[in-house]
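Let me begin by presenting the structure, written as structure tokens, before commenting on it.
Protein chains: 2
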Amino acid sequence: MSTARERVAADIFFALGDRTRLSVVRKLGAGGARSATALSGGAKVSRQAIVKHLQVLEGAGLVTHEKRGREVLYALEPRRLEDARAFLDAVSAGWDRAIERLRQLVEQPEHPPGGAKARKER
Amino acid sequence: MSTARERVAADIFFALGDRTRLSVVRKLGAGGARSATALSGGAKVSRQAIVKHLQVLEGAGLVTHEKRGREVLYALEPRRLEDARAFLDAVSAGWDRAIERLRQLVEQPEHPPGGAKARKER
DNA sequence: CACACATGCAACCATTTGATTGCGAGTCAA
DNA sequence: TTGACTCGCAATCAAATGGTTGCATGTGTG
Numbered sequence: 090m091s092t093a094r095e096r097v098a099a100d101i102f103f104a105l106g107d108r109t110r111l112s113v114v115r116k117l118g119a120g121g122a123r124s125a126t127a128l129s130g131g132a133k134v135s136r137q138a139i140v141k142h143l144q145v146l147e148g149a150g151l152v153t154h155e156k157r158g159r160e161v162l163y164a165l166e167p168r169r170l171e172d173a174r175a176f177l178d179a180v181s182a183g184w185d186r187a188i189e190r191l192r193q194l195v196e197q198p199e200h201p202p203g204g205a206k207a208r209k210e211r
Numbered sequence: 090m091s092t093a094r095e096r097v098a099a100d101i102f103f104a105l106g107d108r109t110r111l112s113v114v115r116k117l118g119a120g121g122a123r124s125a126t127a128l129s130g131g132a133k134v135s136r137q138a139i140v141k142h143l144q145v146l147e148g149a150g151l152v153t154h155e156k157r158g159r160e161v162l163y164a165l166e167p168r169r170l171e172d173a174r175a176f177l178d179a180v181s182a183g184w185d186r187a188i189e190r191l192r193q194l195v196e197q198p199e200h201p202p203g204g205a206k207a208r209k210e211r
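This is the structure in structure tokens:
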């Protein structure tokens, strides 16, 4: 039952599936922890928009926050990125196996398992 | 810069950031090419919903379609998954470097390497 | 204290998303 | 030809999303 893990993966991918959020993730990955105000500096959207995006990222577990005096620093959580990568790897691996099975069927059309799903020439 | 690539990555992640679509991707990865009707068999949504999701996936380059008689078979495009993984790797690598720089600053606050790069936090 | 700065909260808005339904058209087999 | 099956298109709709603005609160510094 990969349903639970699948939901987690969907949350992660959803969080990454926005240009503004992806830009935030890249900035955090490249430069370390920063505040929402600092992050909104180079962005084209307002600070509040950045804050909402950070909340989405944190909801997906990709980011954590820490109060530091009067400001709040957000930092990347690279383990979550690892989870996303694991999902991609799993799908890719399954696809490779499927391709291999298909090739074996094509190269050895001895006795198809059941239904005659053969293609017709017209 | 990386803006163009970032947009592509965002499209890929967006396409993967939906539970129904992610389920479709996993099914295609596990079982090979299938039609939209076949994919909607086990799903909780209608065929048209699946078709729309497949169009989103195809728009992100994650899936291709091929007409096969009266039905249309959709197949996974694993190279696009590779692109997504590459992005995750790049962010993780950048994060590792950032951590390393930070640790060096903490352990040796004497003379930072190089010049006055960008350690002006506000 | 007073001021500047950073955050938090809430209301509000336009657009997008995800999904449904109905119907017309193409394709295959009996 | 007829019937069964699959696909594509269009209209429609509720909810989510991304964004803004205004204002109140908290925090550090001179």
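Chains as they are written, first to last, in the numbering used here: chain Z, 90 to 211; chain S, 90 to 211. Don't be surprised by glycine CBs; every beta carbon is placed ideally from N, CA and C.
Q. Any Cβ of chain Z within less than 7 Å of the Cβ of S/Ala205?
A. Unreliable placement is indicated for S/Ala205, whose pLDDT of 38 sits below 50; the coordinate value is still reported in the next sentence. Taking Cβ atoms only, chain Z never reaches closer than 7 Å to S/Ala205, which makes this a no.
**Q.** Neighbourhood of S/Thr153 by C-beta distance below 7 Å, restricted to the same chain and skipping five residues each side
**A.** Glu147, Ala164, Glu166
Q.
If you follow the alpha helix (DSSP H) that S/Lys133 is in, where does it begin and where does it stop?
A. From DSSP, S/Lys133 is part of no alpha helix (DSSP H); its letter is neither H nor E.
Q: For the alpha helix (DSSP H) containing Z/Arg108, list its first residue and its last residue.
A: 108–120
Q.
Quick check on the burial criterion: 16 or more other C-beta atoms within 10 angstroms. Buried or exposed for Z/Gly131?
A. exposed
Q: Go ahead and pull the three-state DSSP assignment for Z/Arg174.
A: helix
**Q.** Neighbourhood of Z/Ala173 by C-beta distance below 8 Å, restricted to the same chain and skipping five residues each side
**A.** Ala98, Ile101, Phe102, Leu105
Q: Tell me where the alpha helix (DSSP H) around S/Arg96 begins and ends.
A: 92–105
**Q.** Local conformation of Z/Arg159 per DSSP, three classes
**A.** coil
**Q.** S/Leu151 (DSSP reduced to helix, strand or coil)
**A.** coil
Q) Just by C-beta distance, which residues in the segment 93–118 of chain S are closer than 7 Å to chain Z? A) Glu95, Arg96, Ala98, Ala99, Phe102, Phe103, Leu105, Gly106, Asp107, Arg108, Leu111, Ser112, Val114, Arg115, Gly118
Q. By how many angstroms is the C-alpha of Z/Ile188 removed from the C-alpha of Z/Val145?
A. 37 Å
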